[in-house]
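Enquirer: Submitted below is the structure of interest, expressed as C-alpha cells.
Protein chains in written order, with the working numbering: chain U, 1 to 346; chain G, 1 to 346.
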C-alpha cells in the first residue's frame with residue numbers, strides 16, 4: 001500500500017520523489033509546505049480542484065491538469081481522452097457547465113505523428129461528447145530522452161449558475177454519500193496495459209466526461225452539497241479531503257461500494273486496496289437525505305451512472321475522519337493515501 | 001540559420017523534429033495540418049495567441065503556454081519568471097488586463113526542492129509585479145530521466161474592455177511599426193548560459209511582464225491596431241504572421257531596429273540573425289500614424305520601453321511579405337523562420 005517513505009513535512013533540502021505526484025499525503029505536504037507559501041490566492045487556498053473567479057456579472061470557474069499517463073494508450077482510453085475528461089470533470093464538479101478548454105503539449109522529439117494524430121482525434125471526440133470548445137493551445141518540443149512521448153496540460157473553464165455553491169466544505173452530518181459506479185477501473189486498466197499485473201485482465205478504464213451525468217444529477221438533487229471525482233488517491237483519499245474541508249466524519253459500508261470482480265481480483269493479487277486506486281469517470285456525490293433517492297435514480301438513468309450506489313453517510317462524530325464498516329462487521333479508519341502506489345496513471 | 005529539413009506539409013508517417021517547436025514555419029505546418037483538423041474552434045482559427053470568449057456581459061480572454069527552457073536559470077530570469085510573463089504578455093497583447101493565471105507543473109523525480117522553491121519564488125515576484133493571481137494549479141511527477149528537471153504550463157485570462165479590438169488582422173497600410181526595445185536578448189542570454197557561445201557575454205534576458213507598459217501605451221495610443229510579443233521565431237517571424245493575417249506588406253529599416261552590441265556580436269560570431277531570436281520582454285506595436293509619436297513617448301517613459309523605436313511601416317504592396325531595407329540600402333525579403341535555431345529557449 002505505502003510508497004517510499006519521505007519524512008513530513010518536506011524541507012527545502014529534500015528531493016522530489018514519485019510519491020509527491022500521488023495525490024495523497026505527500027502531495028498535500030508538497031502543496032501546503034512548498035507551493036502555497038509562494039503561490040497563494042483565496043481560490044488556491046480553498047482546497048477545491050477549481051477556482052471560482054468573481055467578476056461583476058457572475059462567476060467563471062477554471063481548473064488545470066497536467067497529464068503524463070504511461071503508456072499513452074490503454075484499454076478504454078488514451079492520454080488525449082484523459083486530458084479532456086480530467087479537466088472537464090474538475091469544472092463540472094463545481095456545478096458549472098464546462099464550456100472552454102486550452103491544451104498545452106510538450107512533445108518528445110521523435111514522436112511519431114501517427115501517435116499524435118490518434119491522441120488528437122481522441123481529444124476531438126471527447127470534446128464533442130462533453131460539448132466543449134478547445135480555444136487556445138501551445139506546443140513545445142524537447143530533445144529525445146527529455147520527455148516521455150508527450151505530456152498534455154489542459155485548462156478548462158465554465159460559468160456557474162447564480163446561487164450554486166457546491167464544494168468540499170459543504171458536507172453536513174446526515175448527508176448521504178453516493179458514488180456513480182465501480183471504483184478502481186482506471187488505475188488497474190493502466191497497470192494491466194503496462195504488463196505489471198503478471199496476468200492479462202479484461203479491465204477497461206472508465207475515463208469519461210461527466211458533465212452530462214452531473215447535469216442530470218443536479219436537476220434531480222438541486223441541493224447537492226459536494227461533488228468530486230475520485231482520481232489520484234482514489235475514493236479513500238478524496239473522502240478524507242472532503243471530511244477535512246467540511247470538518248465532518250464519514251461512515252462507509254464496504255459491502256455497498258461497487259467494485260468490478262476483475263479489479264477486486266487484481267487488487268487482491270497485488271496487495272492493493274481498490275479504494276485507493278484512481279478513477280477517471282466516476283463522481284462522489286454528497287447530498288441531503290431527502291434528495292438521495294432522486295439523485296441515485298437520475299444517475300442510474302445515465303450511461304455513466306448505471307452502477308451508482310449509496311455507500312455511506314456523513315456523521316457529526318469523528319470530524320475529519322473516514323471510517324469503514326467492513327464486510328465482517330469491524331470498523332476501521334480509512335486514511336488518506338500516504339505515498340505512491342501507481343505512478344503515471346493520469 | 002536553418003534547422004534540420006523536414007518536407008512540408010507534415011504527413012502522418014513523419015516524425016516530430018525539434019523544429020516543430022520553433023514557432024516558425026514547421027510549427028505553423030504542424031498546427032495547420034495536424035492540430036487544426038482535430039482541434040478547431042473560431043478562436044483557435046483566428047491565428048492569435050489568445051482566445052476571446054464571448055459571454056453575455058463582455059469577453060474573457062485566455063491564453064496558454066508550455067515552458068521548457070533549458071537551463072532552468074539564466075541571466076535575468078528563470079523558468080518561473082518566464083512561465084508567468086509569457087502568458088501574462090499573451091493576454092496583455094489582446095488589450096485585456098490579465099487577472100488570473102493557472103499553473104501546471106511536471107516535475108522530474110529527483111528535482112531538488114531548493115530548485116523548485118527558487119522557481120516558485122520567482123513566479124510569486126513576477127505575479128506580484130504583473131498584478132495577477134495564480135488561481136489553480138496541478139502537479140505531476142515523472143520518473144528520473146522522463147522529463148528534464150521541470151516543465152511549467154501556464155494559462156492566463158483577463159477581461160477585455162468593451163469595444164477594444166486589437167489583433168493580428170488589424171494592421172492597415174500607412175500604420176507605423178514600433179518595438180519596445182532591443183531584439184534578441186532573451187535567446188542569446190539562454191544560449192550564453194548553456195556555454196554554447198564559446199565565450200562569456202554579459203547579456204541578460206529581457207523576460208518581463210508587459211501589461212503595465214501596454215496599459216500606458218494604450219492610454220497614449222487608444223487606436224492601436226496590433227500588439228504582439230515577438231517570442232519564438234523573433235521579430236521577423238512575428239511580423240510575417242501579422243502580415244499574413246492582415247494581408248498587408250511591411251517595410252523595415254534595419255538601421256532603426258535596436259540591438260544590443262553584445263547580442264549583435266554574438267550573432268555575428270555564430271551566424272545568427274538577431275531578428276529571428278526570441279524575446280520575452282518586448283512588444284511590437286502597430287499604430288495609426290497620428291498616434292505613433294504619442295505611443296513611442298509613452299513607451300519611453302516606462303522602464304520596459306526605454307529603448308523603444310520606430311522601425312518601419314505597413315504597406316499596401318507586397319501583401320503578406322516583410323521587406324527589410326538594409327544598412328547598405330538594399331532591400332531583401334525577411335522570411336519566416338524555417339526550422340529551429342535555438343531549441344528550449346522558452
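C-beta atoms are modelled at their ideal positions from N, C-alpha and C, and glycine is treated no differently.
With three or more C-beta pairs closer than 8 angstroms as the rule, is the stretch 112 to 124 of chain G touching the stretch 313 to 328 of chain U?
Expert: The answer is no - the stretch 112 to 124 of chain G does not touch the stretch 313 to 328 of chain U, with fewer than three Cβ pairs under 8 angstroms.
Enquirer: Comparing the C-beta of residue 38/G with each C-beta of chain U, is any distance below 9 angstroms?
Expert: Locating residue 38/G in the second chain gives position 38, counting from the first residue. Answer yes: the Cβ-Cβ gap between residue 38/G and chain U drops below 9 angstroms somewhere.
Enquirer: Enumerate in chain order the residues of its own chain whose CB-to-CB distance from residue 291/G is below 8 angstroms, with the five nearest sequence positions on each side excluded.
Expert: To locate residue 291/G, count along the second chain from 1; it is residue 291. For residue 291/G, where only same-chain residues beyond five positions count, the Cβ hits under 8 angstroms are 220, 221, 222, 223, 224.
Enquirer: In the DSSP assignment, find the unbroken alpha helix (DSSP H) run with residue 185/U in it and report its ends.
Expert: Position 185 of the first chain holds residue 185/U. Unbroken alpha helix (DSSP H) run through residue 185/U: 185 to 193.
Enquirer: For the alpha helix (DSSP H) that contains residue 133/G, what are its first and last residues?
Expert: As a working mapping, residue 133/G is identified with position 133 in the second chain. Residue 133/G -> not in any alpha helix (DSSP H); beta strand (DSSP E) instead, spanning 133 to 142.
Enquirer: For residue 74/G, return the contacting residues in chain U, with the cut-off set at a CB-CB distance below 7 angstroms.
Expert: Locating residue 74/G in the second chain gives position 74, counting from the first residue. By Cβ distance, chain U contributes nothing, its closest Cβ being about 17 angstroms from residue 74/G, past 7 angstroms.
Enquirer: Between the beta-carbon of residue 278/G and the beta-carbon of residue 149/G, is there less than 9 angstroms?
Expert: Within the second chain, the letter at position 278 stands for residue 278/G. Within the second chain, the letter at position 149 stands for residue 149/G. No, Cβ-Cβ distance for residue 278/G and residue 149/G is not below 9 angstroms.
Enquirer: Throw me the rounded Cβ distance for the residue 312/G and residue 166/G pair, which I believe falls under 8 angstroms.
Expert: For the purposes of this step, residue 312/G is taken as residue 312 along the second chain, with counting starting at 1. For the purposes of this step, residue 166/G is taken as residue 166 along the second chain, with counting starting at 1. 19 angstroms between Cβ atoms; not a contact.
Enquirer: Determine the contact status of residue 283/G and residue 180/G, defining contact as a CB-CB distance below 9 angstroms.
Expert: Indexing the second chain from 1 puts residue 283/G at position 283. Indexing the second chain from 1 puts residue 180/G at position 180. In contact: residue 283/G and residue 180/G (Cβ atoms closer than 9 angstroms).
Enquirer: According to DSSP, is residue 32/U part of a helix, a strand, or is it coil?
Expert: By one-based count along the first chain, residue 32/U stands at place 32. Looking at residue 32/U - three-state DSSP - the assignment turns out to be helix.
Enquirer: State the start and end residues of the unbroken beta strand (DSSP E) segment that holds residue 299/G.
Expert: As a first step, residue 299/G is located in the second chain; it is residue number 299 there, counting from the start. It is not in any beta strand (DSSP E) - residue 299/G instead sits in the alpha helix (DSSP H) that spans 289 to 301.
Enquirer: Whole angstroms are fine: how far does the CA of residue 233/U sit from the CA of residue 183/G?
Expert: Locating residue 183/G in the second chain gives position 183, where the first residue counts as 1. Locating residue 233/U in the first chain gives position 233, where the first residue counts as 1. If I take the Cα positions, the gap works out to 48 angstroms.
Enquirer: State the Cα-Cα distance for the pair residue 286/G and residue 216/G, rounded to the nearest angstrom.
Expert: Locating residue 286/G in the second chain gives position 286, counting from the first residue. Locating residue 216/G in the second chain gives position 216, counting from the first residue. Taking the straight line from one Cα to the other gives about 15 angstroms.
Enquirer: What are the boundary residues of the beta strand (DSSP E) that residue 309/G is part of?
Expert: To locate residue 309/G, count along the second chain from 1; it is residue 309. Counting along the chain, the beta strand (DSSP E) containing residue 309/G begins and ends at 309 to 315.
Enquirer: Give me the subset of the stretch 113 to 129 of chain U whose CB atoms are less than 8 angstroms from a CB atom of chain G, sorted by chain position.
Expert: Within the stretch 113 to 129 of chain U, the residues whose Cβ lies closer than 8 angstroms to some Cβ of chain G are 113, 114, 116, 117, 120, 121, 123, 124, 127, listed in chain order.
Enquirer: Note down the Cα distance separating residue 92/U from residue 143/G, rounded to an integer number of angstroms.
Expert: Working through the first chain from its first residue, we reach residue 92/U at position 92. Working through the second chain from its first residue, we reach residue 143/G at position 143. The straight-line gap from Cα to Cα measures roughly 31 angstroms.
Enquirer: Of all Cβ atoms in chain U, is any one closer than 9 angstroms to the Cβ of residue 209/G?
Expert: Your numbering for residue 209/G matches position 209 in the second chain. Judged by the 9 angstroms Cβ criterion, residue 209/G is not in contact with chain U.
Enquirer: Among all the DSSP beta bridges, which residues are the ones paired with residue 155/G?
Expert: The residue you call residue 155/G lines up with position 155 of the second chain. Paired residue(s): 64/G, 102/G.
Enquirer: Does residue 138/G have its Cβ less than 9 angstroms from a Cβ in chain U?
Expert: By 1-based counting over the second chain, the position of residue 138/G is 138. Closer than 9 angstroms to some Cβ of chain U, the Cβ of residue 138/G qualifies, so yes.
Enquirer: Taking 9 angstroms as the CB-CB limit, is residue 179/U close to chain G?
Expert: Taking the first residue of the first chain as 1, we reach residue 179/U at position 179. Residue 179/U does not count as touching chain G.
Enquirer: Check distances from the C-beta atoms of the stretch 285 to 301 of chain U to those of chain G and list, in chain order, the residues that come in under 9 angstroms.
Expert: So nothing in the stretch comes that close.
Enquirer: How about residue 108/U and residue 145/U: do their beta carbons lie closer than 9 angstroms?
Expert: As a first step, residue 108/U is located in the first chain; it is residue number 108 there, counting from the start. As a first step, residue 145/U is located in the first chain; it is residue number 145 there, counting from the start. In contact: residue 108/U and residue 145/U (Cβ atoms closer than 9 angstroms).
Enquirer: DSSP on residue 266/U, reduced to helix/strand/coil?
Expert: The residue you call residue 266/U lines up with position 266 of the first chain. It is helical.
Enquirer: Is any beta-carbon of chain G found at less than 9 angstroms from that of residue 163/U?
Expert: One-based indexing of the first chain puts residue 163/U at position 163. No, residue 163/U lies away from the interface with chain G (no Cβ there is under 9 angstroms from its Cβ).
Enquirer: Please work out which residues of its chain come closer than 6 angstroms, Cβ to Cβ, to residue 56/G, disregarding the five sequence neighbours upstream and downstream, and give them in chain order.
Expert: Locating residue 56/G in the second chain gives position 56, where the first residue counts as 1. Note that residue 56/G scores a pLDDT of 46, beneath 50, so its modelled location is shaky; the value from the coordinates is reported in the next line. Cβ neighbours of residue 56/G beyond the five flanking positions: none.
Enquirer: Please tell me whether residue 63/U has its Cβ less than 9 angstroms away from any Cβ of chain G.
Expert: The residue labelled residue 63/U in the question sits at position 63 within the first chain. Closer than 9 angstroms: yes.
Enquirer: Taking only beta-carbon atoms, is residue 343/G less than 9 angstroms away from chain U?
Expert: Residue numbering aside, residue 343/G sits at position 343 when the second chain is read from its first letter. It does; some Cβ of chain U falls within 9 angstroms.
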